[in-house]
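Residue numbers (the numbering used here): 67 to 627.
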């Protein structure tokens, strides 16, 4: 005998039509997104549309808040492409509820994301963070910083390298000089000695424009002679010079696109070829993220894989958003601990809970007992020298000033020992001809200062907090939201995509923190719990019953509390 199952009538009618609102849970993220976007002022969301004259003819445009709701919701899911969003708008109940039944196509969604959000998304992010700070959910004075490398939407096999572009451009210039030299030899062999070409010198072949001028000048002179007095070799050399000028122009454009970078991808010229976290080389971006109490307060994109180079531009952007002097503490790992970053923080009176390369190594006993390390050698200020384990002096030899590409000057003192050849401990001390040590007094002072802050009780607490505060963000973005590579191309578009991730993450965090469950909503949930536990409980307070009947549990915008 077959078991009994519930019947599934497909054409069954209902007395009351089903509302989408009743199908969505009260704690769903789409309700928080709807309340957040509705609370934004129109002059912020629709800045692009307010500056344009009204279109009297044609179909009215979609309201920018509708598309913004759809995009924010999509970045809480793994679906981010415009074609996927067009499908979700027709099939997903939360999307249909957010869009009020509207169905924008993929071109409208893509255009809105890449064009209209460019100038407003940063302001929306700052607006949300400032309201979080107003309710003490974040502390803008404290900052936990870390970075990660994310793949760009670019082909790694179509990468342009700076060294190759420079080498090829030099080869083109050399080839042009050979063509000019060949033309000069042909002129010497010509029987028309009274007609000599005015060929510029080879030193004038510095760029493609000058080479084109040389080629056109030669071509004009040859055309005046007539076909009977111009050889085929001369015409060929002239065409070759023009062809090489166009080729050199391409390499010059590559070098102009590279600027200070060493590489870029042809499919996304803003992406840089770098070594990713999985130790594979690919084109990508360095994403710097800062958090406070688990919320993302700052995010920037950089075209370098070095966290030290990205530190100052990132913090400068943070100060631009929230005001200079707002930041008081920074917590970061050893990837940011350079002399330049410590000096920059000291000038702005920011307390650095920041490690530096070799920080953990210095805490080990083997490091402390190693007398051949420069830091463990005794220094005598009177004679300005260091004393090695064999009681030999390493005297001051000179001063070096290292100027970095960013303009920072690093002053280094060099000390050398003159009696290493006869020293029995030389094999343990150095493999060079003599032992020398390089000392940066400013770097040692700043590292000692950072070590002091890290060893305080507050420093130990913040160092422990750093891992679960910032790494949780990367874990959620990469594992839950599948942020293994960006969808859009170009730094501006990728920045839009990252800000959408940031705002969506903060709304998810806000919803999970329980902050939205306040006031009447908390009372309703508490009453429902008590009623299920104690069915004898009866409340006759008419005002409370009116609250239960009128309050629809809709998520309020946090600035309305």
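Cβ atoms here follow ideal geometry from the backbone N, Cα and C, with glycine treated the same way.
### Message
Tell me the DSSP secondary structure of residue 587 in three-state form.
### Response
Note that residue 587 scores 49 on pLDDT, short of 50, meaning its location in the model is unreliable; the coordinates nonetheless yield the value given after this. Residue 587: helix per DSSP, three-state reduction.
### Message
For residue 604, which residues in the same chain have their Cβ closer than 6 Å to its Cβ, ignoring the five residues on either side in sequence?
### Response
With a pLDDT of only 44 at residue 604, under the threshold of 50, the placement of this residue in the model should not be trusted; the figure read from the coordinates follows. Excluding positions up to five away in sequence, the list is empty.
### Query
How many Å lie between residue 155 and residue 89 at the Cα?
Here the alpha carbons of residue 89 and residue 155 stand approximately 16 Å from one another.
### Message
Taking only three categories from DSSP, how would you classify residue 354?
### Response
strand
#### Entry: Run of the alpha helix (DSSP H) containing residue 97, from where it starts to where it stops
95-104
### Task
Out of 359, 336, 362 and 357, point me to the one whose CA is closest to residue 350's CA.
The shortest C-alpha to C-alpha distance from residue 350 to any of 359, 336, 362 and 357 is the one to 336.
### Query
Taking DSSP as the reference, what is the three-state secondary structure of residue 212?
The answer is strand: DSSP assigns residue 212 an E or B state.
#### Entry: Beta-carbon contacts of residue 507 that lie in its chain and below 8 Å, excluding the five residues immediately before and after
477 and 479
### Task
Starting from the Cα of residue 502, find the closest Cα among 452, 527, 373 and 146 and give me that residue.
Distances from the CA of residue 502 to each of 452, 527, 373 and 146 were compared; the closest alpha carbon is that of 452.
#### Entry: Same chain only: Cβ atoms within 7 Å of residue 304, ignoring 5 sequence neighbours per side
281, 284, 285 and 288
### Query
Where does residue 185 land, buried or exposed, given buried means 16+ other C-beta within 10 angstroms?
exposed
### Task
Could you tell me which of 101, 78, 68 and 488 sits nearest to residue 576, measuring between CA atoms?
101
### Task
Give me the Cα-Cα distance between residue 210 and residue 403, rounded to the nearest whole angstrom.
14 Å
### Message
Taking the alpha helix (DSSP H) that residue 571 belongs to, which residues open and close that run?
### Response
Unbroken alpha helix (DSSP H) run through residue 571: 557-578.
### Query
With respect to the alpha helix (DSSP H) encompassing residue 504, which residues constitute its N-terminal and C-terminal limits?
Counting along the chain, residue 504 falls outside any alpha helix (DSSP H), though it belongs to the beta strand (DSSP E) covering 502-505.
### Query
Cβ atoms of residue 353 and residue 213: under 8 Å apart, would you say?
The answer is yes: Cβ separation under 8 Å.
### Length at least 4, wholly inside the region 273-340: the alpha helix (DSSP H) runs in chain order
274-291 and 298-324
### Message
Quick check: the Cα distance between residue 96 and residue 165, rounded to an integer number of angstroms?
### Response
11 Å
### N- and C-terminal bounds of the beta strand (DSSP E) containing residue 480
475-482
### Query
Under a three-way DSSP split, which group does residue 426 fall into?
Under the three-state reduction of DSSP, residue 426 is assigned to helix.
### Message
Is it the case that the region 190-205 contacts the region 357-377, given that we only count it when at least three CB pairs across the two stretches are under 8 Å?
### Response
yes
### Query
Terminal residues of the continuous alpha helix (DSSP H) containing residue 386?
373-388
### Message
For residue 542, list the residues DSSP reports as bridge partners.
### Response
According to DSSP, residue 542 bridges with nothing at all.
### Message
Within the continuous alpha helix (DSSP H) that includes residue 431, where are the two ends?
### Response
431-435
### Supposed close pair residue 419, residue 520 - CB separation, criterion 8 Å
6 Å
### Query
Which residue comes first and which comes last in the beta strand (DSSP E) that contains residue 466?
459-469
#### Entry: Straight-line gap, residue 385 to residue 396 (C-alpha atoms, nearest Å)
13 Å
### As assigned by DSSP and simplified to three states, the class of residue 90
coil
### Query
Between the beta-carbon of residue 401 and the beta-carbon of residue 428, is there less than 8 Å?
no
### Spatial distance of residue 379 from residue 372 (CA atoms)
Taking the Cα positions, residue 379 is about 12 Å away from residue 372.
### Query
Taking C-alpha atoms, which residue in 393, 488, 495 and 466 lies nearest to residue 442?
495
### Message
Let's see if you can read the secondary structure: which residues bound the alpha helix (DSSP H) around residue 187?
### Response
187-200
#### Entry: contact_flag[the region 130-145, the region 176-185] where n(CB pairs < 8 Å) is 3 or more
yes
### Query
Are the region 144-153 and the region 538-553 touching, with three or more C-beta to C-beta distances below 8 Å?
yes
### Task
In angstroms with no decimal places, state the Cα-to-Cα distance between residue 455 and residue 439.
10 Å
### Query
By Cβ distance below 6 Å, which residues in the same chain neighbour residue 133 in space, the five residues on each side in sequence not counted?
178
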